[in-house]
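Right, one structure below, let's go through it.
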Amino acid sequence: MRLSNSTVTCALVFILGVPIGACSGSARDTEGTAAAPVDSGAKPDAQQDTGSAADTLSEQRQPAVATRPTDSPAQVRPDTPPAGAAKPAEQAAGEDGPNVSQADYEGWRQYSVNCARCHGQDVLPNPVAANLLISLGSGGPISSEEEFFEVVNEGRPARGMPGFKGVLSREQIEATYAYVKGRAEKRIPPGRPARPPA
Numbered sequence: 000m001r002l003s004n005s006t007v008t009c010a011l012v013f014i015l016g017v018p019i020g021a022c023s024g025s026a027r028d029t030e031g032t033a034a035a036p037v038d039s040g041a042k043p044d045a046q047q048d049t050g051s052a053a054d055t056l057s058e059q060r061q062p063a064v065a066t067r068p069t070d071s072p073a074q075v076r077p078d079t080p081p082a083g084a085a086k087p088a089e090q091a092a093g094e095d096g097p098n099v100s101q102a103d104y105e106g107w108r109q110y111s112v113n114c115a116r117c118h119g120q121d122v123l124p125n126p127v128a129a130n131l132l133i134s135l136g137s138g139g140p141i142s143s144e145e146e147f148f149e150v151v152n153e154g155r156p157a158r159g160m161p162g163f164k165g166v167l168s169r170e171q172i173e174a175t176y177a178y179v180k181g182r183a184e185k186r187i188p189p190g191r192p193a194r195p196p197a
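If you're matching positions, the sequence shown starts at 0 in numbering that gives the first Met the number 0 and goes up one per residue.
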């Protein structure tokens with residue numbers, strides 16, 4: 000018995016309970032309906048596939064879909080943004096975002112480029128690195144801007160954090176501190192802030 004990649008993928012979806020892509024190459028979820036059940040790949044001689052190798056390749060190259068563990072395959076569509084995601088036009092223009100100072104906006108920009116990949120988008124907790132909402136929050140281990148500057152500048156090599164000495168200027172680190180501190184104090188809500196007027 001020969002199993003296709005899509006059959007194996009679907010088996011993993013149902014065994015693990017975590018959707019990881021399209022389940023069936025022939026029954027795609029185009030209208031929000033559940034994909035057709037997946038068979039074992041074995042077909043009677045009268046029903047053997049007559050498709051070309053190109054058809055098989057196109058079925059195997061379906062894009063992976065980023066999902067949340069709670070989504071079922073019937074709920075996930077490749078053209079649907081995750082819940083709470085901003086529309087592309089809003090992201091590009093910064094529309095409807097929270098109003099912040101120029102320093103906080105610059106801090107958001109610096110954080111997004113230099114820190115978010117480890118510390119999480121919008122300074123939301125991430126299992127990869129320290130939770131900065133706690134670290135810079137009331138009673139947290141980083142109690143001043145100078146301590147923040149030292150940690151960012153020197154890094155924490157034992158914990159896997161690189162130093163940014165020579166990469167970020169003092170002004171860039173201060174702006175990042177203003178943004179992260181604003182998030183820790185709940186002055187700045189999550190999401191892309193609106194660009195302050197010039």
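By construction, the Cβ of each residue, glycine as well, lies at the ideal position given by its N, Cα and C atoms.
- As the crow flies, the alpha-carbon of Val-122 is around 22 Å from that of Ala-157.
- Taking C-beta atoms as the reference points, Pro-97 and Gly-190 count as a pair closer than 8 Å.
- If you draw a straight line from the Cα of Gly-159 to the Cα of Gly-136, it comes to about 22 Å.
- Each of Arg-186, Ile-187, Asp-103 and Asn-113 was checked against the Cα of Gly-162, and the nearest Cα belongs to Asn-113.
- Counted as a single uninterrupted DSSP element, the alpha helix (DSSP H) harbouring Lys-180 occupies residues 169-183.
- DSSP, read as helix, strand or coil, puts Asn-152 in helix.
- The DSSP-derived three-state label of Asn-98 is strand.
- Exclusion of the five residues before and after Pro-195 leaves Asn-98, Val-99, Ser-100, Gln-101 and Tyr-104 as the residues of its chain whose Cβ lies within less than 8 Å of its Cβ.
- Per DSSP, the continuous alpha helix (DSSP H) segment holding Ile-133 begins and ends at 131-134.
- Counting the other Cβ atoms within 10 Å of the Cβ of Lys-185 gives fewer than 16, which makes it exposed.
- Following the DSSP letters along the chain, one finds Arg-116 inside the alpha helix (DSSP H) bounded by residues 115-118.
- A residue is called buried when at least 16 other Cβ atoms come within 10 angstroms of its Cβ; Lys-164 does not meet this threshold and is exposed.
- Distance from the CA atom of Pro-188 to the CA atom of Ala-177, rounded to whole angstroms, is 13 Å.
- The beta carbon of Phe-148 sits closer than 8 Å to the beta carbons of Arg-169, Ile-172, Glu-173 and Tyr-176 from its chain, once the five residues preceding and following it are set aside; these are given in chain order.
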